[in-house]
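Asks:
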């Protein structure tokens, strides 16, 4: 039989499927999975949630006990899915562990939103320049794909993780300016760096929205205009987990992969 279920499936953007289908997958799909697991007597469920449940927190770094205030449709869906997990933990005493991951980035991802902003010049098909929003002093944490996998496996095996919630993110988060300049240098990108005013970024997002283009959605704006760093000390303490790559290393490896694959 099945011993552990890793619940990873969700939809981040409505796309052409629509908002109703997105909610059906993210919320109802989670409930269906939990019910089936209960009926089949599955021992453990590891649920991959998202840092998007926190919204735009006032204080950083964000701890697991901080009140979630999601401000995107995806974040609201993920919080509702988390609440379903808690319901099954409390009512049925199921063994469920929740992970709130920073934006997961690495080679092989179909739509790493961070690279869309950084490397594809905001979707304007101009890779001759990189953009820094505002003064470039914001910090936004990422997490490497393999590091998330390691945390999920550790959470499935550790008895202390039963019913727990854990943040996942990289260490030593640089400012946006530091990030762009380091990536430009280490990846050997022959391009200029230009500053983009927050107002222009928001205006461009408004223009692109009716076209159903995946660039500069609300989530993208939050990345380039906001500060966001998770406190991951709980996962390190309970699970012995440590992120292996920082933001810059994640970017470099992913850019190299994209170059090799000629995407």
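In the numbering used here, the protein residues as written are -18 to 244.
Backbone N, C-alpha and C fix where the C-beta goes; we use that ideal spot for every residue, glycine too.
Bear in mind the structure is a predicted one, so any value in this text is a computation, not a measurement.
Roughly how many whole angstroms lie between the Cα atoms of residue 217 and residue 152?
Replies: Mapped onto the chain shown, residue 217 falls at position 236. Mapped onto the chain shown, residue 152 falls at position 171. Straight-line Cα distance between these residues: approximately 11 Å.
Asks: Consult DSSP for residue 151 and reduce its assignment to one of helix, strand or coil.
Replies: On the chain shown, residue 151 is found 170 positions in, with the first residue counted as 1. Residue 151: coil per DSSP, three-state reduction.
Asks: Is residue 177 helix, strand or coil when you go by DSSP?
Replies: The residue given as residue 177 occupies position 196 in the chain shown. The DSSP-derived three-state label of residue 177 is strand.
Asks: Spatial neighbours of residue 115 within its chain, please: CB distance less than 6 Å, with the 5 preceding and 5 following residues excluded, ordered by chain position.
Replies: Counting from one through the chain shown, the residue named residue 115 turns up at place 134. So the list reads 179, once near-sequence residues are dropped.
Asks: Assign residue 35 to buried or exposed, taking buried as 16 or more other Cβ atoms, counted over all protein chains shown, within 10 Å of its Cβ.
Replies: Within the chain shown, numbered from 1, the residue matching residue 35 stands at position 54. By the neighbour-count definition (other C-beta atoms within 10 Å, threshold 16), residue 35 is a buried residue.
Asks: With distance defined between alpha-carbon atoms, name the residue in 240, 2 and 7 nearest to residue -9.
Replies: As a first step, residue -9 is located in the chain shown; it is residue number 10 there, counting from the start. Minimum Cα distance to residue -9 is reached at 7.
Asks: Which residue's Cα is closest to the Cα of residue 29: 212, 63 and 176?
Replies: Stepping through the chain shown from its first residue, residue 29 is reached at position 48. Closest by alpha carbon: 63.
Asks: Excluding sequence positions up to five away, which residues of its chain have a Cβ less than 6 Å from the Cβ of residue 60?
Replies: The sequence position of residue 60 within the chain shown is 79, counting from 1. Hits under 6 Å: 34, 49 and 51.
Asks: Ignore the nearest five residues each way along the sequence and tell me which others in residue 163's own chain have a CB closer than 8 Å to its CB.
Replies: Here the question's residue 163 lines up with position 182 in the chain shown. If we look at residue 163 and ignore the five residues flanking it on each side, its Cβ neighbours are 155 and 229.
Asks: Quick check: the Cα distance between residue 5 and residue 79, rounded to an integer number of angstroms?
Replies: Counting from 1 along the chain shown, the entry for residue 5 is found at position 24. Counting from 1 along the chain shown, the entry for residue 79 is found at position 98. C-alpha separation (whole angstroms): 20 Å.
Asks: Taking residue 27 as the reference, which of -3, 45 and 75 has the closest Cα?
Replies: On the chain shown, residue 27 is found 46 positions in, with the first residue counted as 1. Closest by alpha carbon: 75.
Asks: State whether the stretch 9 to 26 contacts the stretch 117 to 134, with contact taken as three or more CB pairs (one from each stretch) at a distance under 8 Å.
Replies: no
Asks: Taking just the CA atoms, how far does residue 134 sit from residue 231?
Replies: Locating residue 231 in the chain shown gives position 250, where the first residue counts as 1. Locating residue 134 in the chain shown gives position 153, where the first residue counts as 1. Their Cα atoms are separated by approximately 21 Å.
Asks: Quick check on the burial criterion: 16 or more other C-beta atoms within 10 angstroms. Buried or exposed for residue -7?
Replies: On the chain shown, residue -7 is found 12 positions in, with the first residue counted as 1. It is buried - the Cβ of residue -7 has at least 16 other Cβ atoms within 10 Å.
Asks: Strictly by DSSP, which residues pair up with residue 80?
Replies: Working through the chain shown from its first residue, we reach residue 80 at position 99. Residue 80 pairs with 29 and 147.
Asks: Taking buried to mean at least 16 other C-beta atoms within 10 Å of its own C-beta, is residue 226 buried or exposed?
Replies: Start at 1 with the first residue of the chain shown, and residue 226 comes out as number 245. Buried.
Asks: Who does residue 209 pair with in a DSSP beta bridge?
Replies: As a working note, residue 209 is residue 228 in the chain shown. Paired residues: 121.
Asks: Roughly how many whole angstroms lie between the Cα atoms of residue 174 and residue 183?
Replies: Residue numbering aside, residue 174 sits at position 193 when the chain shown is read from its first letter. Residue numbering aside, residue 183 sits at position 202 when the chain shown is read from its first letter. Distance between the alpha carbons of residue 174 and residue 183 is about 19 Å.
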